[in-house]
Amino acid sequence: MDVTNPENVSFEVTDGIGVLTVARERALNALNDKTLHEILGVLDQVRIDRNVRALVLTGRGEKAFVAGADIAEMAELGPLQARRFADLGHRVCGRLERLEVPTLAAVNGFALGGGLELAMACDLVYASERARLGQPEVNLGLIPGFGGTQRLLRRVGIMRAKEMIFTGATYGAEQARDMGLVLEVVPHAQLLPFCLEKARLIASRGPVAVAQAKRAIQAGADVSLASGCELEREAFALLFGTADAAEGMRAFVEKRSPSFRGA
Ligand code: CAA
1 MDVTNPENVS FEVTDGIGVL TVARERALNA LNDKTLHEIL GVLDQVRIDR
51 NVRALVLTGR GEKAFVAGAD IAEMAELGPL QARRFADLGH RVCGRLERLE
101 VPTLAAVNGF ALGGGLELAM ACDLVYASER ARLGQPEVNL GLIPGFGGTQ
151 RLLRRVGIMR AKEMIFTGAT YGAEQARDMG LVLEVVPHAQ LLPFCLEKAR
201 LIASRGPVAV AQAKRAIQAG ADVSLASGCE LEREAFALLF GTADAAEGMR
251 AFVEKRSPSF RGA
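Quick note on UniProt numbering: the sequence shown kicks off at 1 and runs consecutively.
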């Protein structure tokens, strides 16, 4: 699989902000095997490139963020191949969730099935007023396969997650916001500029601090309060060994803006 020259995703970095666009517009950006591998390739690049300080994920075209896993491709799979396909989707979502840098989903249209699962693996989800979100797998005789049963219940609570997954219904952007799946609904044309602005704001803060905060919050979602608080104390102390923390506190005392180096 050639991930150095991807066909189904595009990736650009401007002023420290990476924009990863799923770009299979003819299939509403549906995730086939090749596209998932290409996304993994970009995430690997982001992981090692210290110039990328935040990642925005979006979909090409006017209609879709990602309309799910590729149904035509899935229709050919037997159970073992389906297991490998699910492993691949989980790898993508897990790697996205564990990226050091903050990730923002700009949901510009349909985010269904694997598309919603991808968005839920991002730290912050913003949606255009045209977005429609849902886990419609039961309509295909399936269930979510890229982590949807687990991440959805953590986002919206167990009963709402069951309703969404049992009915396969799709929801508008404002309903999704009211359920806690989306942070803010933005006019369609403003969505990407809005997310870039938010990404730039976060990227201007101490990168090591943001990464440590992300790690503590993310890990804290799955452990006891006592274990989560211990993680926080460790991360807090660790930051006092960074040049950025010294600079941040000195800049405050000297009444000037800090200049962070990410170290
Ligand atoms: N997989 C493959 N192709 C897809 C696709 C998908 N998930 N979603 C859309 N497409 C294709 C359509 O087949 C169509 O292709 P052709 O032009 O070659 O016929 C093209 O994209 C445009 O789609 P529509 O003509 O259907 O567009 P529409 O505006 O009428 O409807 C839609 C839009 C409601 C999103 C509809 O396309 C749809 O229901 N798509 C499927 C959504 C879905 O079920 N997603 C979950 C997939 S399962 C999954 O994701 C499992 C998992 O958790 C891992």
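C-beta atoms are modelled at their ideal positions from N, C-alpha and C, and glycine is treated no differently.
When C-alpha distances from Ala127 are compared across Val182, Ala69, Gly241, Thr167, the shortest belongs to Val182. In the three-state scheme derived from DSSP, where H, G and I count as helix and E and B as strand, Ser227 is classed as helix. With contacts defined by Cβ atoms closer than 9 Å, His188 and Phe146 do not form a contacting pair. Beta-carbon to beta-carbon, Ala69 and Gly114 are separated by about 4 Å, close enough to satisfy the 8 Å threshold. In this structure, Thr167 keeps its C-beta atom at 9 Å or more from the C-beta atom of Arg132. Looking from the CA of Ala82, the closest CA among His37, Asp33, Glu100, Val253 belongs to Asp33. Across the structure, Glu174 and Val125 are spaced so that their CA atoms are roughly 13 Å apart.
Measuring C-alpha to C-alpha distances from Met159 to each of Gly141, Ile143, Met179 identifies Met179 as the nearest. The shortest C-alpha to C-alpha distance from Leu31 to any of Met120, Gly59, Arg95, Thr103 is the one to Gly59. By the neighbour-count criterion, in which 16 or more other beta carbons inside 10 Å mark a residue as buried, Ala106 falls on the buried side.
Note that the region 226 to 236 does not touch the region 87 to 104; fewer than 3 beta-carbon pairs, one per stretch, sit closer than 8 Å.
For Lys34, the CB stays at least 8 Å from every heavy atom of the ligand CAA. Taking 4 residues as the shortest admissible run, the region 95 to 141 contains the following complete alpha helix (DSSP H) segments, listed from N- to C-terminal end: 114 to 120. Here Leu225 is exposed. Its C-beta has fewer than 16 other C-beta atoms within 10 Å. Annotation: the continuous alpha helix (DSSP H) that includes Ile217 extends over 207 to 220.
In summary, Val46 is buried, with 16 or more beta-carbon neighbours lying within 10 Å of its beta-carbon over all protein chains present. DSSP places Glu163 in the helix class (H, G or I) of the three-state scheme.
When DSSP assignments are scanned along the region 12 to 67, the uninterrupted stretches of alpha helix (DSSP H) that are 4 or more residues long and fall wholly within it turn out to be 33 to 48.
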